[in-house]
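Remarks on the structure that follows.
Residue numbers (our numbering), protein chains in the order written: chain A, -2 to 385; chain B, -2 to 385.
Okay, structure coming up:
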């Protein structure tokens, strides 16, 4: 979920990509959300790479994780120092080959990277929504994406692909619009949060709400709850890594000193790293969006929503082909959860490929260049096409 | 470390126990701490159960975990609703048999439960220390305990016993005062924190320091940083449980409602539970003490301190018999860490018994009644006596 892991450029870039937006659900025709609340207008920020072919059967929808955005690959301008968050996977001849596929990536509803969320203007009041923003769910995010996909003239999705919270959306797509989804790739994800995953999210939310500057979500135009949001991010960050990756990356090494300071400065490297991650995050993310999106992910319960508690029943609502990938050191959404999902898919008679990738880097592994993952992706997408 | 897990009374109680204190290191004869700083006077709160025998060879020192206190067993008065934190283990005919052993438990230096810590009065200023309190280490805690043990006329400790941070102290006792320590019982502990353990402590500290009421540690007599401390405790609490225990205890069950509220109330049971744990904790613990004790545990590095980086070398400084117990679901101090410790002990030629106890309840397992643990303890202590 730490989308901005730094990595070297891998392979050829898609080059320049354009930031786009699409606005719909103009009042009085607002979106009716899962909670029953109404929301409109709704703007979605999105980007595309590659081109839709004449048969309109080469579109791939990529769904980003928690704090991600629509900028999945390429650069926004010639001097752009950093490519999109999945540039190693998306591009000419890459795992998701933009010479072959029309790739769409959308910033999720409720976020703060161009799409409508709690930091957006509430047309009813003329000021930012804050906590007036209605709760949005994974199903709402997907329903909004569907409007955009229709608008783009795409009737079939060759694949929906997502990791983490993006994987939940891919799952939701497969059962909500089964006629549109030929295949789905679910990376480092789960059908529903464990109590432990909810617990981490809740403590992170409490860290934000404990910051007096949060002010019940009404902080736009004044000081933002940076301290609370930084702590929330640090909590999340620990869950994205793993015991082993932290040992390899930091161990007990000290930062810029040979011995203990015997004070409360950041002196272990892991302390400096976390503080840095916290500071960096507040520059690019909104505290209320953090609250809404974590809550949406906690609420998500594929079995409950689509199968009355049964995953097998839930999966009977789709005929998509699936690729499920878990990572050995991911303890946020551990492999046993992917296995349970795959077992249910198989019971339903679905065509599913499952792979547990050896990885030391925890939950974040799906965001790191991996030949294995790239090969899996390429093989699966090609096979779906009938020429793999 | 959540010493106050509620459990039924198990077996006969030691009955009433008295709160005692011992004060030493009166200026100008302050304690010289590991950092080089001076601290005095030093008061230690302690309790004892059972009686020292004529041979003075039946004393057992119990070292509490992070937020614990000296009240290890029995009751303070006739109407006391709650026995000491390890009452199921310490009492007549229990795992640590008070008919046979003279049990001593001391609140650690730096804490807030009767012993000198950052909330104590600084004689130099006439107000609470706050951040003027010098950093204390595990070695300092043990050095202070040694003064008390001497004061009690005890020359030999039949056993030093501790879980978690208490286990670090037991380890420190065994090598710092090898002539006094016949045996040591190390429960759910480690020779040094992993990067992940440091990370969790650091985020918890950041949660406290992010609370404006913390005010650089200077909050005594005004509002306390309860919000920050509650978040810190919630973070800790997740690490004391396990994925499985949370699933069994809470799963995705909702609290007092049949369906989602679609707001930010605590609605999952695990959310209510964590908020409750946070609220309860601030009533009994000091935020600065949280900072100091977590830092002491992060600093602790048995290998570095006693073996120049080598555990084998470090253990060569003691001839104590050891019992090392880990718990399958403890992911804060996982079994692999205990195994590494045991391997080093064996290489040194020490007499060590190791047991990994099947337990679902994570790190907290050592604080929960367990026939297995009680039997292990009884067997080990009896055997040390030569009549087991």
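All C-beta atoms, glycine included, are put in the ideal place defined by N, C-alpha and C.
Whose Cβ in chain A lies nearer than 7 Å to the Cβ of residue i?
i	result
residue 32/B	259
residue 86/B	Here the premise fails: no neighbours, minimum Cβ distance about 28 Å.
residue 240/B	191 and 193
residue 298/B	249
residue 27/B	None at all; the shortest Cβ gap to chain A is about 16 Å.
residue 368/B	Under the 7 Å cutoff, chain A gives no residues; its nearest Cβ is about 27 Å from residue 368/B.
From which residue to which residue does the beta strand (DSSP E) around residue i run?
i	result
residue 44/B	39 to 46
residue 160/A	156 to 160
Would you mind telling me which residues of chain B sit closer than 8 Å to residue i, beta carbon to beta carbon, in chain order?
i	result
residue 235/A	193, 196, 197 and 200
residue 292/A	261
residue 265/A	192, 195, 199 and 295
residue 251/A	Residues of chain B passing the Cβ test: none, with the nearest at roughly 11 Å.
residue 327/A	The contacting residues do not exist; residue 327/A stays about 12 Å from chain B at best.
Just to confirm the assignment, what range does the alpha helix (DSSP H) spanning residue i have?
i	result
residue 284/B	284 to 296
residue 230/B	223 to 237
residue 194/B	192 to 206
residue 310/A	308 to 312
residue 246/A	240 to 246
residue 302/A	299 to 304
residue 79/B	First-last for residue 79/B: undefined, no H or E at that position.
residue 361/B	It is not in any alpha helix (DSSP H) - residue 361/B carries neither H nor E in the DSSP assignment.
residue 339/A	332 to 344
residue 147/B	135 to 148
What residues are listed by DSSP as bridge partners for residue i?
i	result
residue 102/A	44/A and 59/A
residue 181/B	157/B and 319/B
residue 353/A	323/A
residue 119/B	124/B
residue 21/A	39/A
residue 251/A	265/A
residue 87/B	93/B
residue 29/A	35/A
residue 72/B	13/B
residue 189/A	298/A
Quick one: which chain A residues come within Cβ less than 8 Å of residue i?
i	result
residue 248/B	192
residue 203/B	227, 228, 231, 271, 272 and 275
residue 355/B	Those do not exist, as residue 355/B stays about 18 Å from chain A at its closest Cβ, beyond 8 Å.
residue 129/B	None at all; the shortest Cβ gap to chain A is about 12 Å.
residue 176/B	Under the 8 Å cutoff, chain A gives no residues; its nearest Cβ is about 28 Å from residue 176/B.
residue 179/B	Chain A residues near residue 179/B: none, gap ~31 Å exceeds 8 Å.
Taking Cβ-Cβ distances shorter than 7 Å, what residues in chain B pair up with residue i?
i	result
residue 244/A	191 and 192
residue 374/A	Ordered by position in chain B, no residue passes the 7 Å Cβ test against residue 374/A, which lies about 28 Å from the chain.
residue 208/A	207
residue 169/A	Chain B residues near residue 169/A: none, gap ~16 Å exceeds 7 Å.
For a cutoff of 7 Å on Cβ pairs, would you count residue i as touching chain C?
i	result
residue 125/B	Looking for chain C here will not work: the only protein chains present are A and B.
What in chain A is Cβ-close to residue i, meaning under 9 Å?
i	result
residue 288/B	261
residue 132/B	257, 258, 259, 260 and 261
residue 280/B	Within 9 Å Cβ-Cβ: nothing; residue 280/B doesn't reach chain A, min ~17 Å.
residue 15/B	Within chain A, no residue comes near residue 15/B; the closest Cβ sits about 35 Å away, beyond 9 Å.
Could you say if the region 307 to 315 of chain B and the region 216 to 228 of chain B meet the contact criterion of at least three C-beta pairs nearer than 8 Å?
No, they do not touch.
Are three or more beta carbon pairs between the region 230 to 246 of chain B and the region 165 to 172 of chain A nearer than 8 Å?
The answer is no - the region 165 to 172 of chain A does not touch the region 230 to 246 of chain B, with fewer than three Cβ pairs under 8 Å.
Are the region 282 to 293 of chain A and the region 107 to 119 of chain A in contact at 8 Å, needing three or more beta carbon pairs?
Proximity of the region 282 to 293 of chain A to the region 107 to 119 of chain A meets the contact definition, three or more beta-carbon pairs being nearer than 8 Å.
For the region 213 to 233 of chain B, which residues have a beta carbon sitting closer than 8 Å to at least one beta carbon of chain A?
Of all residues in the region 213 to 233 of chain B, 224, 225, 227, 228, 231 and 232 have a Cβ within less than 8 Å of some Cβ in chain A.
Is there contact between the region 288 to 296 of chain B and the region 192 to 202 of chain B, where contact requires at least three CB pairs shorter than 8 Å?
Judged by Cβ distances under 8 Å, the region 288 to 296 of chain B makes contact with the region 192 to 202 of chain B, as three or more pairs qualify.
Any contact between the region 170 to 184 of chain A and the region 72 to 83 of chain A? By contact I mean 3 or more CB pairs, one from each, below 8 Å.
Using a Cβ-Cβ distance cut-off of 8 Å, the region 170 to 184 of chain A and the region 72 to 83 of chain A are not in contact, since fewer than three pairs of beta carbons, one from each stretch, lie closer than that value.
Using a Cβ distance threshold of 8 Å, determine whether the region 96 to 104 of chain A contacts the region 58 to 75 of chain A, with at least three qualifying pairs required.
Of all C-beta pairs linking the region 96 to 104 of chain A to the region 58 to 75 of chain A, three or more are shorter than 8 Å, placing the two stretches in contact.
Residues in the region 90 to 115 of chain A with C-beta within 7 Å of chain B's C-beta atoms, listed in sequence order?
Answer set for the region 90 to 115 of chain A: empty.
Whether or not the region 84 to 100 of chain B and the region 367 to 376 of chain B are in contact is what I'm after, with contact meaning three or more pairs of Cβ atoms, one per stretch, closer than 8 Å; do they touch?
Touching, per the Cβ criterion.
Are the region 180 to 197 of chain B and the region 330 to 348 of chain B touching, with three or more C-beta to C-beta distances below 8 Å?
Yes: the two stretches touch, three or more of their Cβ pairs being nearer than 8 Å.
For the region 131 to 154 of chain B, enumerate the residues whose C-beta is nearer than 7 Å to any C-beta of chain A, in chain order.
Those residues of the region 131 to 154 of chain B that come within reach of chain A (Cβ to Cβ, closer than 7 Å) are 132.
Cβ contact (3+ pairs, closer than 8 Å) linking the region 52 to 65 of chain A and the region 146 to 162 of chain A
The answer is yes - the region 146 to 162 of chain A touches the region 52 to 65 of chain A, with three or more Cβ pairs under 8 Å.
Three CB pairs or more closer than 8 Å across the region 206 to 214 of chain A and the region 315 to 322 of chain A
No, they do not touch.
Check whether the region 138 to 150 of chain A touches the region 356 to 366 of chain A, counting contact only when three or more Cβ pairs, one atom from each stretch, lie closer than 8 Å.
By the Cβ test, the region 138 to 150 of chain A is not in contact with the region 356 to 366 of chain A, since fewer than three Cβ pairs between them sit closer than 8 Å.
Which residues of the region 37 to 67 of chain B have a Cβ closer than 7 Å to any Cβ of chain A? Give them in chain order.
Those would be none; no residue qualifies.
I'd like to know if the region 264 to 276 of chain B and the region 248 to 256 of chain B are in contact, where contact means that at least 3 CB-CB pairs between them fall below 8 Å.
Because the criterion of three Cβ pairs below 8 Å is met, the region 264 to 276 of chain B and the region 248 to 256 of chain B touch.
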